[in-house]
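One structure below.
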Amino acid sequence: MEKFENRVFMSSPTMHGDEQKYIKEAFDTNWIAPLGTNVDAFEKDMAEFIGCDGATALSSGTAAIHLAVKLAGIEADDTVFCSDLTFAATVNPISYEGGNAVFIDAERDTWNMDPAALRKAFQKYDDNVHEDGKLYKKPKAVIVANLYGTPAKLEEIRDICNEYDTVLIEDAAESLGATYKGMQTGRFGVYNAISFNGNKIITTSGGGMLLSDDTEALKKAKFWATQAREDLPYYYHKEIGYNYRMSNIIAGIGRGQLLHLDQHCKKKREIYDNYKEGFRDLPLSMNPFETCSMPNFWLSCILLDRGCKTTPDEIRRKLESYNVESRLIWRPMHMQPVYESNDFIASGDEYVGKDIFERGLCLPSDLKMTEDIQNSVIEIIKTMF
Ligand SMILES: *Cc1c(COP(=O)(O)O)cnc(C)c1O
């Protein structure tokens, strides 16, 4: 087989033309600013689609998580429980506020936060000083990520949070369009974050959205996102603000993309099913999901069986030699130098997230990948076994 002339991507932007119509509208009306009709309409469309009472359009998904963390009242030394197997953007906003992230291991069924480990964490962080002389403050929030577009065990996690009277923040950055028990992800938390970064299921080049049923909280988020400027004729600041609003041009791209979300999800599912069929006889499995959920299949991933004669990185290098992009699974947060000293809680002796990281690989799942190209990718991978 020959090297591909055009690189085969994991997930690259796919535009359709509708985006340009809304951008043109912004130009024609000279609303080239972080406000305007596209911003308003995109917020409304997103809130309606997800089923939340409101939405605030922001410059990134990370900004959405940051403002969610602030709305949850996280301050210096506050405890926050957070998914361990995820991208650093899920957890960094806790650090922006000086909070103390405690990482919760993943489970096998969805690769997301393990409810049993979460329960264990709640029992440990009981507001008491323990034998080591440290105070184990109760968490103010839990941040759960839906990895690769697969919903976590959202209901169970939400119930545990309610039981302990703790705010749930859903990092649905990767899972727009995925459902859990018939409901869209991005509405299970008190505050929810979506990302429109260049590689996500729909993209605006960069951008994010904060969603909630608490419209007062969203007003506050909007205030922080526009430099915390008091409503006065002069500039007057009682709080630290940010420049986090989404521009009207970017929101135009988002409106156009949202029209094609369904189509994107369908195509991603075809890619997933095709891999699954192609790998039928190999000692590996695909990224799993619960039958009560419908992922958006943003990225197709494989998990090699134990004792496989090849490794994820060997497969990655092989694909690279054909100009095909792939990537190892997120390296768990408790294994990151920057979070080395943070606490990490697993439900048993085995660390599930670490195991998935060591045996897993994200495959090219690009919307523009033809079936022929995908079949060639499958053939390349087959030669490794
Ligand atoms: C992409 C992503 C984010 C951050 O979104 P940005 O828009 O890139 O800031 C947060 N969490 C997860 C899990 C992500 O994949």
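Counting from 3, one number per residue, gives the positions in the sequence shown under the working numbering. All C-beta atoms in this analysis are idealised placements derived from N, C-alpha and C, irrespective of residue type, glycine included. Here the structure is a predicted model, which means the values were calculated and not measured.
Selection from the options that minimises the alpha carbon distance to residue i
i    : options                   : result
D161 : A174, K139, F190 and G184 : F190
A123 : T312, T39, I159 and E50   : I159
Q22  : N40, A35, V10 and M12     : N40
V326 : P297, N377, P339 and P290 : N377
F11  : R318, L306 and S349       : R318
D30  : T313, E241, V340 and G254 : G254
A119 : G19, V146 and V169        : V146
Q125 : A348, K356, T64 and E272  : A348
S214 : Y274, G101 and E45        : E45
K278 : V104, L170 and I304       : I304
A143 : K72, I34, F387 and N289   : K72
E99  : F105, A65, L149 and A28   : A65
I273 : S85, I67, T217 and D374   : D374
D47  : A219, L263 and G19        : L263
G19  : G256, F281, D315 and G362 : G256
W33  : E232, I203 and M248       : M248
P153 : W113, Y166, P314 and K139 : W113
Q1   : K356, S328, E352 and D351 : The chain is shown only over 3 to 387; residue 1 falls outside these bounds and no answer can be derived.
A43  : G362, L220 and L260       : L260
A174 : R329, V192 and T312       : V192
G309 : S302, R361, F281 and C54  : R361
G388 : K268, R121, E4 and C54    : This structure cannot settle anything about residue 388, because the visible part of the chain is limited to 3 through 387.
Q229 : H239, P235, L220 and K221 : H239
S62  : V340, A223, D283 and A195 : A195
Y150 : L369, I382, C364 and D368 : C364
F291 : R9, H336, S302 and D283   : S302
D167 : I382, S85, P141 and N8    : P141
E157 : R282, K221 and M115       : M115
Residue(s) in a DSSP beta bridge with residue i
i    : result
V171 : The question names Val, but residue 171 in the sequence shown is Ile. Bridge partners of I171: I145 and Y193.
N102 : T81
C364 : C303 and R329
I399 : What is shown of the chain runs 3 to 387, which leaves residue 399 out entirely.
Q186 : T181
V131 : L137
M296 : T181
R231 : The partner list for R231 (beta bridge, DSSP) is empty, contrary to what the question assumes.
N245 : T228
V93  : Answer is none; V93 lacks a bridge partner.
L260 : According to DSSP, L260 bridges with nothing at all.
V10  : V326
Q286 : What sits at residue 286 in the sequence shown is Leu, not Gln. According to DSSP, which records beta bridges pairwise, L286 is partnered with L306.
L369 : According to DSSP, L369 bridges with nothing at all.
Distance between beta carbons of residue j and residue i, contact taken as under 8 angstroms
i    : j    : result
L69  : W226 : 6 angstroms
N250 : L37  : 6 angstroms
G258 : Y24  : 5 angstroms
E172 : G188 : 6 angstroms
F89  : W332 : 6 angstroms
I252 : T206 : 5 angstroms
L306 : P334 : About 17 angstroms; that fails the 8 angstroms criterion.
N289 : K270 : Rounded, the Cβ-Cβ distance is 12 angstroms, inconsistent with contact.
L60  : G209 : 7 angstroms
M386 : K320 : 6 angstroms
V93  : A103 : 5 angstroms
Where residue i falls, given that 16 or more other Cβ within 10 Å makes a residue buried
i    : result
N164 : exposed
S323 : exposed
P117 : buried
A74  : buried
P95  : buried
G135 : exposed
Q186 : buried
N245 : exposed
H266 : buried
G56  : buried
D128 : exposed
I242 : exposed
E50  : exposed
K384 : exposed
V379 : buried
R110 : exposed
K155 : buried
P366 : buried
S197 : buried
M17  : exposed
N148 : buried
E232 : exposed
E176 : buried
A78  : exposed
K202 : buried
C294 : exposed
P314 : buried
G53  : exposed
P15  : buried
Any non-hydrogen atom of ligand 3 closer than 8 angstroms to residue i Cβ
i   : result
T64 : No copy of ligand 3 appears in this structure; the ligands present are ligand 1.
- Message: Which runs of the beta strand (DSSP E) at least 3 residues long sit entirely within the region 37-75? Give them in chain order.
- Response: 56-60
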